[in-house]
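A.B. asks: First residue of the sequence shown? That's 805 in the numbering used here, and the numbers climb one at a time after it.
Just so you know, even glycine gets a beta-carbon here, dropped at the ideal spot from N, CA and C.
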Amino acid sequence: MEEPEDSPMAESLQMAFEEPASFLEHIGALRKHLVRAFLALILCAVVAFIFLSPLLEFISRPINGLDQLTAVDVTEPISVAMRVVLLAAFTAALPYIVFEIFLFIAPALSRRIRLISLISIPLVVVFFFGGMAFSYYLILPVGLPVLLNFLDISTQIRPSSYIKFAINLLFWIGALFEFPLLAYLLSVMGILSPRVLIKNWRIAVVVSAVLAAVITPTIDPLNMMLVMVPLILLYGLSILLSFLASGARSGGDEIKSNE
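Below you can see the structure in the form of structure tokens.
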């Protein structure tokens, strides 16, 4: 059986618009992958719900346990449980979700890029967990005392308020930690170049400052710097990985031309 030839992404997009039947087939394939990813998310949510109590204990450790939380609404425990379960389910299902995304876009990629993308799937999980760990073990322990002791006003912590704050922080920092890997893959595909990243480093610094201000709703510079500095370092890592990817891509193209 002959292996299909590699087709660049631009040609695949052109075929999608020129051949409606092929486009509908792509929509059907997308639906299939989305359904499987959603089922994996549901399965992980069921498992997370079974372990809800230890998950709540874990996420409330930065404020010294669940005893520090006071619910004032009868629906708060339900909303809190849903947020914790969804984050845990997404985190657990992330490798499979990324794998389904890979299966959908793989036909539009060359053989080399398919291999690199497949190998990168575990790194997606590693980077996401790294961002969550950074938030949990560094940002929360430093940022929460500032928030709770601001103006020396006694604070009763609502479960919905704390869980929403903590989960948003964990999720978005985890997502932002994916940028270096994304930059590497886009550079391998030839979509992004290190020159573009270097040219826009000033914009990256400003964006990092804005994101730090949004993610950490405090006015003290310490908490903002705790987020801003790692984001800038991640941008620097993205430039380095983009250089490596571009060099490897150029080497591969040179070998092909010699053949």
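Within a Cβ cutoff of 7 Å, which residues of the same chain sit near Val889, ignoring the five residues on either side of it in sequence?
C.D. replies: Ala849, Ala852, Phe853, Leu856
A.B. asks: Please say whether Pro963 and Val839 have beta carbons closer to each other than 8 Å?
C.D. replies: Using a Cβ distance threshold of 8 Å, Val839 and Pro963 do not count as a contacting pair.
A.B. asks: Compute the distance between the beta-carbons of Ile1019 and Ile977, then report whether it is under 8 Å.
C.D. replies: Between Ile1019 and Ile977, the C-beta gap is smaller than 8 Å, which places the two residues in contact.
A.B. asks: Would you call Asn1027 buried or exposed, if buried means 16 or more other Cβ atoms sit within 10 Å of its Cβ?
C.D. replies: buried
A.B. asks: Check whether the region 827–836 touches the region 866–877, counting contact only when three or more Cβ pairs, one atom from each stretch, lie closer than 8 Å.
C.D. replies: no
A.B. asks: Examine the Cβ distances between the region 894–911 and the region 925–937 and report whether three or more of them are shorter than 8 Å.
C.D. replies: yes
A.B. asks: Starting from Leu873, follow its DSSP beta bridges and name the residues at the other end.
C.D. replies: Ile961
A.B. asks: Going by C-alpha distance, which of Ser1050, Tyr966, Tyr988 is nearest Pro881?
C.D. replies: The residue with the shortest Cα to Cα distance from Pro881 is Tyr966.
A.B. asks: Alpha carbon to alpha carbon, how far is Pro949 from Pro1025? Give it in angstroms, no decimals.
C.D. replies: 14 Å
A.B. asks: Unbroken alpha helix (DSSP H) runs of length 4 or more, entirely within the region 859–941: which are they?
C.D. replies: 880–909, 915–938
A.B. asks: If we count the other Cβ atoms within 10 Å of its Cβ and call it buried at 16 or more, is Phe862 buried or exposed?
C.D. replies: exposed
A.B. asks: Could you tell me which whole alpha helix (DSSP H) segments of length 4 or greater appear in the region 991–1038?
C.D. replies: 998–1003, 1005–1019
A.B. asks: Is Phe981 helix, strand or coil when you go by DSSP?
C.D. replies: coil
A.B. asks: Give every residue of the same chain whose Cβ lies closer than 7 Å to the Cβ of Ser1042, excluding the five residues on either side of it in the sequence, and list them in chain order.
C.D. replies: Phe983, Pro984, Ala987, Leu1001
A.B. asks: DSSP three-state call for Ala855: helix, strand or coil?
C.D. replies: Position check: residue 855 holds Phe in this sequence, whereas Ala was assumed. Coil.
A.B. asks: Does the distance from the C-beta atom of Leu748 to that of Ser1050 stay below 8 Å?
C.D. replies: Here the chain comprises residues numbered 805 to 1063, so residue 748 is not present and cannot be evaluated.
A.B. asks: Under a three-way DSSP split, which group does Asn972 fall into?
C.D. replies: helix
A.B. asks: Check each candidate in Ile923, Glu829, Met1032 and name the one with the smallest Cα separation from Phe906.
C.D. replies: Nearest of Ile923, Glu829, Met1032 to Phe906, Cα basis: Ile923.
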